[in-house]
Amino acid sequence: MANLGSEPSRQNTIPVHVNRFLEKLFKESKCLDLESLCIISEEQVWVVRVVVTVLNNDGGLTTCCSIAVLAALAHFKTPLVTLEEGEVIVHSIRERQPTPLSINHFPVALTYAICNDGESVILDPTEIEEKVSDGKLIIGMNHCREICALHFTGSKAVIDQSKVLAITHQVSSYAAGIVKKIRDAVEEDAQKR
Numbered sequence: 006m007a008n009l010g011s012e013p014s015r016q017n018t019i020p021v022h023v024n025r026f027l028e029k030l031f032k033e034s035k036c037l038d039l040e041s042l043c044i045i046s047e048e049q050v051w052v053v054r055v056v057v058t059v060l061n062n063d064g065g066l067t068t069c070c071s072i073a074v075l076a077a078l079a080h081f082k083t084p085l086v087t088l089e090e091g092e093v094i095v096h097s098i099r100e101r102q103p104t105p106l107s108i109n110h111f112p113v114a115l116t117y118a119i120c121n122d123g124e125s126v127i128l129d130p131t132e133i134e135e136k137v138s139d140g141k142l143i144i145g146m147n148h149c150r151e152i153c154a155l156h157f158t159g160s161k162a163v164i165d166q167s168k169v170l171a172i173t174h175q176v177s178s179y180a181a182g183i184v185k186k187i188r189d190a191v192e193e194d195a196q197k198r
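Under our numbering, the first residue of the sequence shown carries the number 6, and numbering increases by one thereafter.
Structure representation (structure tokens):
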């Protein structure tokens, strides 16, 4: 990963933390309807795996990755499958329209840097702002204003309840806006095809 803190001789724990948070945000919150991935119950299923490659990290990595994952899931379609005499037939996209994934909710993560004992918070901090902050608060929220995941780091960071509530209120409007942009882009792409 390309960032100032990466040293070739040391193992970077950032990808591990981002991966864990994304698993909480998408997998554990049941973002996808898993039953819709079944071809034959208890025998054959579609396997969905999302791989995010980070080219540059200048902060807000979890936010960026969550948006990339959500956009990929919203855009992805599985080939249509039919059963004829117990045999599974996977149709090509030229034969039949593929099926979009059944998404239960659209979660997005937003990152805040906590500074000055919780007096100041910075939305979408840069890498340098993250390093000099007392801690980070990452909130994963869906378009229904439900908190899907929450992560707080920093041994020096202190933040009171009212500030967290104000932040979550702000996150809800940002998350709804991001989800709308993703849905609009996917719809626009579908109309072009």
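Cβ coordinates follow ideal geometry from the N, Cα and C atoms, glycine included. All values reported here derive from a predicted model rather than from experimental measurement.
Can you give the Cα-Cα distance for V53 and N121, rounded to whole angstroms? The C-alpha of V53 lies about 42 Å from the C-alpha of N121.
Give a yes or no on contact between the stretch 65-84 and the stretch 104-121, applying the rule of three or more CB pairs nearer than 8 Å. The count of Cβ pairs closer than 8 Å, one atom from the stretch 65-84 and one from the stretch 104-121, reaches three, so the stretches are in contact.
In three-state DSSP terms, what is P2? For residue 2 there is no data in the structure shown, the boundaries of the chain being 6 and 198.
Spatial neighbours of A73 within its chain, please: C-beta separation below 6 Å, excluding the five flanking residues on both sides. Contacts found: V57.
Thinking just about the alpha-carbon of each residue, which of P130, I127, I45 and L128 is nearest to the one in E92? Minimum Cα distance to E92 is reached at I45.
Got a sec? Which residues, its chain only, sit under 7 Å from V137 by beta carbon, not counting five neighbours each side? Counting only Cβ-Cβ distances below 7 Å, and skipping sequence neighbours, we find nothing.
Express the C-alpha separation of S41 and G145 in angstroms, rounding to a whole number. Near 24 Å, if we compare the C-alpha coordinates of S41 and G145.
Between E48 and chain B, is the shortest Cβ-Cβ distance under 9 Å, so that the two count as touching? No chain B is part of this structure, which consists of one protein chain only.
How many angstroms separate the CA atom of N17 from the CA atom of A181? Their backbone Cα atoms lie some 32 Å apart in a straight line.
Same chain only: Cβ atoms within 6 Å of V55, ignoring 5 sequence neighbours per side: Answer for V55: V74 and A77, listed in chain order.
For K35, I'd like the list of residues in its chain whose CB is within less than 7 Å of its CB, leaving aside the five on either flank, ordered along the chain. Within the same chain, Cβ atoms closer than 7 Å to the Cβ of K35 are found at N109, the five residues on either side in sequence being excluded.
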